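As numbered in this note's numbering, residues 108 to 757 make up the sequence shown, in order.
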Amino acid sequence: TEYAAGFINVADIRSSVTPGNATFPLTCTAAQTLVHSAVTDQFSCTNIAIASSAVSGLGTAAAEDVGTGSGDIPQLDGSGKIPSSLLPSSVGDIKDGGNTTGSAVVIGTNDAQSLQFETNNSPAMTILSGGYVGIGTATPQVGLQVTSGAEIASVYVNSTDNTMSSGLHLFSKFTDTSEGLGSLNPTGNNKGWSLLAVGDSSASTSFQNDLNLAFWNGASWNTSIFAEHTGYVGIGTTAPGSILDINGALSTRGMSAPSTSPAGQGRIYFDSTANKFKVSENNGAYVDLVSAGGGSGDITNGGNTTGSAVVIGTNDAQSLQLETNNSPAMTILSGGNVGIGSSSPTYGLDVWGTGRFTGNLNLTGSGRLVYNSPASSGGQVSSSGSSVVSGTGVSYYGIKLDGYMQTSIGSTNTFYSIYTTNSYRDGGTANNTMYGVYSAPSFLATGSSNKLYGIYSNPSMSGAGTVDVYSGIFMGGNVGIGTTSPGRLLHVNGPMRVTASALPGTPATGDIAVDSGDANKLKWYDGSGWQAAGGSGGGRTSCPAGFSLVGTSGSMEAYCISTNEETSATWLNAVTNCSNKTPAARLCSASEWVHACVKAGTYGISNMTGNWEWVADLGVSNGEVMGNSGCDSFSYNGVTVSYGSRCCFR
């Protein structure tokens, strides 16, 4: 019981001869093995070795000679290469400097591998197993693809004569403008060009024997130069109608005068000195192409760039006239007066006939708008549409009438819509004073208990007929119709009439109308629907989307309730959800909920029973829920529990 089991390590084994020494060494190298010594009763590390005498059948290997004879090992030259004298030189061999082969030489691979020729340890030419040849690229995509990393010519072909057998000849099967000699395969958004020159064998008869230079912009082909077999050349068009047909603007660079045109011909150029087009006809001298001008500063039909102010006029005391139909339309006298329709203006601007301003007529300084009628039945001042006359400053006039302003409305009898005396009075001393219409100082009250009117029709005015006050706008903002003391923004003293009509299609809150489509009922729009007013109730007649009308339409007891159960929430969140509705609603009371539940099918209300729904009523410390097992089932639960609910409003 005093001993315990354990393991004996190799290092724990001691020599029987020398008990203090370990029997096994701790490490040996990979080229050593263990050898036991009976003298010391220990193992030691000894190098592994086998004496040649211990290996049977081992003879003496013959030495190989270095030289140029048969079986010799060739000796490299000073550059580390086999001397050329030792390389093959028989017929058919390939060697530096060339050799006579006697037959076709085949260099390549017998499997699907590519063949590459290198220079400077990099591929210079690659032949893929499919036959594509690449120069400057190891991945050619076409029969011959030449790629140059520098901006230099990739292909250069030179011919010393002009024979058809010399030079570069490129042929391509042609079916449309996407095939031919091009810079890129025009697919996707790549841009490139295509040069097409085809003969009678073209698949497209419209391009037979024509030359077409087209550019691909990434989405479509655009022809730049098109040469027809007829000799016509089009720029920007594939249907030239003349020797040179340009579809678009033509720009020419300025130059010095060339020689005149030969007899029977014409020549045109742009003169860089005069900045004008010059033309020579039938060996004649060059003259301006546009004789009436056209250079910078010239006035031409349609306008021109002048570069500075243009001055038209006379340098003496003569007038300047602009004519139409051989008659003066506008005259400018030497003194500066301008006449429109008049050849002898007496004012700065003298208009003979009707004038019109679509913008403002501004009077500055001490200028005034003066209406000068030579007789009582002379000219007229009229306004078509809306007019605004304004003035600024202390005691300045928008309009000042020194006399009468007379109008006629609907009959031959005349009356004065605005009447003023020849006086004006500023009604304040410390502040600016503005009058809507000011009439005679005697109409301005100054006492603290008197009224100040913006527009006032005086009931004390006398005349042959009866004088009534029809309307007045007072400084407090109230408008009175038939009264001089309006108590509201609009005060009508007497009955009003609103003509029945169809309700407007886009009403706004507060609109009032008599509905011709509903027994001429008086209605108002509350922001969600039209509500009827008047004797039979004045209650709701409709509800917005998401709500159903409960009760008799138009009656005072009619109200709106949520058609579907609101999202489950605590009692307080249910109250908040209803108040955020448009229009604002409230959580339905228990009586409203029950009244809607018993006739839910009639009113189109969904799923009011089978689950609890919050109502507005509260117990001592709980909220009331309705409808779990019928319209008359109710209970009280904690207000932090989540249930559905219904929103109501009238």
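Ideal Cβ placement from N, Cα and C applies to all residues, glycine included. All values derive from a computational prediction rather than experimental measurement.
Contact between residue 730 and residue 718 is absent: CB atoms are separated by about 15 Å, not below the 8 Å threshold.
Exposure of residue 397 is indicated by the presence of fewer than 16 other C-beta atoms within 10 angstroms of its C-beta. Boundaries cannot be given for residue 444, as no alpha helix (DSSP H) includes it and DSSP labels it neither H nor E.
In the DSSP assignment, residue 705 falls outside any beta strand (DSSP E) and within the unbroken alpha helix (DSSP H) covering 697-705.
For residue 319, the enclosing beta strand (DSSP E) starts and ends at 318-323. When secondary structure is reduced to three states using DSSP, residue 600 falls in the coil class, being assigned neither helix nor strand. Here residue 329 carries a strand assignment [DSSP, helix/strand/coil]. Residue 109 sits exposed, since fewer than 16 C-beta atoms from the chains shown fall within 10 Å of its C-beta. In the DSSP annotation of this structure, the continuous segment of the alpha helix (DSSP H) that includes residue 678 starts and ends at 678-686. Boundaries cannot be given for residue 712, as no beta strand (DSSP E) includes it and DSSP labels it neither H nor E. Within 10 angstroms of the beta-carbon of residue 133 lie fewer than 16 other beta-carbons, which makes it exposed.
As a beta-bridge residue in DSSP terms, residue 225 pairs with 230.
DSSP, read as helix, strand or coil, puts residue 255 in coil.
Rounded to the nearest whole angstrom, the CA to CA distance from residue 664 to residue 467 is 58 Å. The three-state secondary structure of residue 723, taken from DSSP, is strand. The alpha-carbon separation between residue 676 and residue 585 amounts to approximately 49 Å.
Looking from the CA of residue 372, the closest CA among 380, 390 and 382 belongs to 390.
Residue 464: not part of any beta strand (DSSP E); DSSP gives it neither H nor E. With respect to the C-alpha of residue 234, the residue from 247, 688, 348 and 707 having the closest C-alpha is 247. Counting the other CB atoms within 10 Å of its CB gives residue 715 a total of 16 or more, which places it among the buried residues.
Annotation for residue 181: 189 and 193 place their beta carbon closer than 6 Å to its own, counting only its chain and skipping 5 residues before and after. Take residue 138, set aside five residues on each side of it, and the residues of its chain with a beta-carbon closer than 8 Å to its own are 154 and 155, in chain order.
For residue 668, the uninterrupted beta strand (DSSP E) segment begins and ends at 666-669. From the listed residues 706, 417 and 634, the smallest Cα separation to residue 658 is found for 706.
Per the Cβ contact rule, the stretch 742-756 is in contact with the stretch 674-694 (3 or more Cβ pairs under 8 Å). In the three-state reduction of the DSSP assignment, residue 694 falls in the strand class. Taking all protein chains in view, the Cβ of residue 651 is surrounded by fewer than 16 other Cβ atoms within 10 Å, so the residue is classified as exposed. Classified as buried, residue 668 has 16 or more neighbouring CB atoms from the shown chains inside 10 Å of its CB. Judged by DSSP in its simplified three-state form, residue 660 adopts coil rather than helix or strand. By alpha-carbon distance to residue 385, the top candidate from 370, 369 and 362 is 362. In the structure shown, the three-state DSSP call for residue 457 is strand. Taking C-beta atoms as the reference points, residue 334 and residue 340 count as a pair closer than 8 Å. Shown here, residue 119 sits in a helix according to DSSP, grouped into three states. When the alpha-carbon of residue 428 is set against those of 130, 251 and 440, the nearest one is in 440. If the five residues before and after residue 370 are omitted, its C-beta is found closer than 7 Å to the C-beta atoms of 389 and 390, all from its own chain and listed in chain order. Between residue 462 and residue 444, the C-beta spacing is not below 8 Å.
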